[in-house]
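Trainee: Going by numbering that gives the first Met the number 0, the letters in the sequence shown line up with residues 0 to 299, in that order.
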Amino acid sequence: MSAAGTNGPLFRRLALVGIGLIGSSVARIARERGDIAAEVVVTARTPKTLDRVRQLGFADRIEADPRAAVEGADAVMLCAPVGAFADIAATIAPHLAPGAIVTDVGSTKQSVIRDVAPLLPGGVHFVPAHPLAGTEYSGPDAGFTTLFENRWTLLTPLPDTPPEAVEAVSELWRRCGSMVECMDPAHHDRVLAIVSHLPHLIAFTICGTADDLSDESRQEVLKFAASGFRDFTRIAASDPVMWRDIFLNNREALLEMLARFTEDAQAMGRAVRWGDAAYIEDKVERGRKIRRSLIELKQA
Ligand code: NAP
0 MSAAGTNGPL FRRLALVGIG LIGSSVARIA RERGDIAAEV VVTARTPKTL DRVRQLGFAD
60 RIEADPRAAV EGADAVMLCA PVGAFADIAA TIAPHLAPGA IVTDVGSTKQ SVIRDVAPLL
120 PGGVHFVPAH PLAGTEYSGP DAGFTTLFEN RWTLLTPLPD TPPEAVEAVS ELWRRCGSMV
180 ECMDPAHHDR VLAIVSHLPH LIAFTICGTA DDLSDESRQE VLKFAASGFR DFTRIAASDP
240 VMWRDIFLNN REALLEMLAR FTEDAQAMGR AVRWGDAAYI EDKVERGRKI RRSLIELKQA
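Here is the structure:
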């Protein structure tokens, strides 16, 4: 395991497998700071993306073949949709350098551990990670160097992950501007189900509901969107493959949170039906309090 000291680059060679919003933000930060990796190697699925990365110029080396990309790398970061992780891990595993650290940025953690950990050879250290930062944009053009600033990155190390590997990945994220915390993977998936996955499910659903309206109302939805619908459409503009994979790989926690939400939404509906003004006011006040707390925590 090489996590070179605090002064020089943390890693000799960082291989990024997948180079969309998240991967290209890490690559841009590594290029700008110079103390994350001496060399950044990039691979993706399609020649189109690799051509674009070449034009953007934030990679030291571009490899079409993920096996060549990870060879000799002391750090490998999986930055593809989580549904692709099992295939990627199977492809790169025999080519990983002894002592290499494998990490990822996937939005679900139990599925990533299930899909990746068993395929890694002994002596390769796995540090699952998830930066809680993003936008609705995707692809290598979407990344930017301040994406992770003052945002959390959650690490979900395995019981046998060496502390030095966890520290090296923590330091990588700190150098990206992030705050870092370790968490149990099941707990991560439950927390993310309520703070991210359910809100996305609601946004996709409400856009569908609005789109199903008759023609005349549908046009008015667009015209008068500023009244609240607009905020949902921003969330709903996210990448379909990425979100398909997140929903299918955090099924249990997402369904649990959806069931709780559905009960609460029905209770609100009942309050509306029966004119229970106090109930409605109380719930709106709770929402305002949560927003105020977020602003105080500088996470708004
Ligand atoms: P993105 O912008 O859509 O980019 C995905 C990248 O993965 C592309 O470069 C794509 O290559 C590549 N890819 C897809 N399938 C692949 C495969 N089989 N092998 C190698 N590369 C493959 O995605 P993103 O937003 O950066 O998200 C990447 C990961 O970060 C996801 O796991 C996501 O859950 C997680 N995440 C996302 C956010 C967010 O807000 N976006 C936040 C935190 C974590 P091609 O372009 O060639 O297809």
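Note that the Cβ used here is the ideal one computed from N, Cα and C, for glycine as well.
Can LEU20 be considered in contact with ligand 1, in the sense that its beta carbon sits closer than 7 angstroms to one or more heavy atoms?
Mentor: Taking the first residue of the sequence shown as position 1, residue 20 is located at position 21. At least one heavy atom of ligand 1 is nearer than 7 angstroms to the Cβ of LEU20, so yes.
Trainee: Report back the beta-carbon spacing between VAL126 and ALA99 to the nearest angstrom; my notes put them in contact at under 8 angstroms.
Mentor: Translated into positions along the sequence shown, residue 126 becomes position 127. Translated into positions along the sequence shown, residue 99 becomes position 100. Between ALA99 and VAL126 the Cβ distance is about 11 angstroms, and since that is not below 8 angstroms, they are no contact.
Trainee: Report all residues from its chain with a CB closer than 6 angstroms to the CB of ALA74; omit the five preceding and five following residues, and keep chain order.
Mentor: Position 75 of the sequence shown, counted from the start, is the residue given in the question as residue 74. Once the five neighbours on either side are set aside, the close Cβ partners of ALA74 are PHE10, LEU13 and ILE100.
Trainee: For a test of the three-state rule: what should DSSP assign to VAL220, helix, strand or coil?
Mentor: In the sequence shown, residue 220 corresponds to position 221, counting from 1. Correct three-state label for VAL220: helix.
Trainee: Would a C-beta distance cut-off of 8 angstroms place ASP59 and LEU77 closer than the cut-off?
Mentor: Taking the sequence shown and counting its residues from 1, the one referred to as residue 59 is at position 60. Taking the sequence shown and counting its residues from 1, the one referred to as residue 77 is at position 78. It is not a contact, given that the beta carbons lie outside the stated cut-off.
Trainee: Using the Cα positions of GLU148 and THR42, report the straight-line distance between them to the nearest angstrom.
Mentor: Sequence index remark: in the sequence shown, residue 148 carries index 149 (1-based). Sequence index remark: in the sequence shown, residue 42 carries index 43 (1-based). Roughly 25 angstroms between the two C-alpha positions.
Trainee: Roughly how many angstroms lie between the CA atoms of ALA26 and ASP50, to the nearest whole one?
Mentor: Counting from 1 along the sequence shown, the entry for residue 26 is found at position 27. Counting from 1 along the sequence shown, the entry for residue 50 is found at position 51. Going from the Cα of ALA26 to the Cα of ASP50 covers about 15 angstroms.
Trainee: So which of ASP281, GLY176 and TYR278 has the shortest CA-CA distance to ILE35?
Mentor: On the sequence shown, position 36 is the one that residue 35 refers to. Closest option to ILE35, Cα to Cα, is GLY176.
Trainee: Given THR107, which residues of its chain have a CB within under 7 angstroms of its CB, disregarding the five upstream and five downstream residues?
Mentor: Taking the sequence shown and counting its residues from 1, one reaches residue 107 at position 108. For THR107, where only same-chain residues beyond five positions count, the Cβ hits under 7 angstroms are VAL81, ASP188, ILE245, ASN248 and ASN249.
Trainee: Around the C-beta of GLN265, are 16 or more other C-beta atoms found within 10 angstroms, so that it is buried, or is it exposed?
Mentor: As a working note, residue 265 is residue 266 in the sequence shown. So GLN265 ends up on the exposed side.
Trainee: Per DSSP, what are the beta-bridge partners of HIS124 in this structure?
Mentor: Residue numbering aside, residue 124 sits at position 125 when the sequence shown is read from its first letter. DSSP lists ILE100 as partners of HIS124.
Trainee: On the three-state DSSP scale, how would you describe ALA14?
Mentor: For the purposes of this step, residue 14 is taken as the residue at position 15 of the sequence shown. ALA14: strand per DSSP, three-state reduction.
Trainee: Are ALA69 and LEU95 closer than 8 angstroms when you measure CB to CB?
Mentor: Your numbering for residue 69 matches position 70 in the sequence shown. Your numbering for residue 95 matches position 96 in the sequence shown. Inspection of the sequence shows that residue 69 is occupied by Val rather than by Ala. Yes.
Trainee: Cα separation between VAL240 and GLY105?
Mentor: Residue mapping note: residue 240 aligns to position 241 of the sequence shown, counting from 1. Residue mapping note: residue 105 aligns to position 106 of the sequence shown, counting from 1. Cα to Cα, VAL240 sits roughly 13 angstroms from GLY105.
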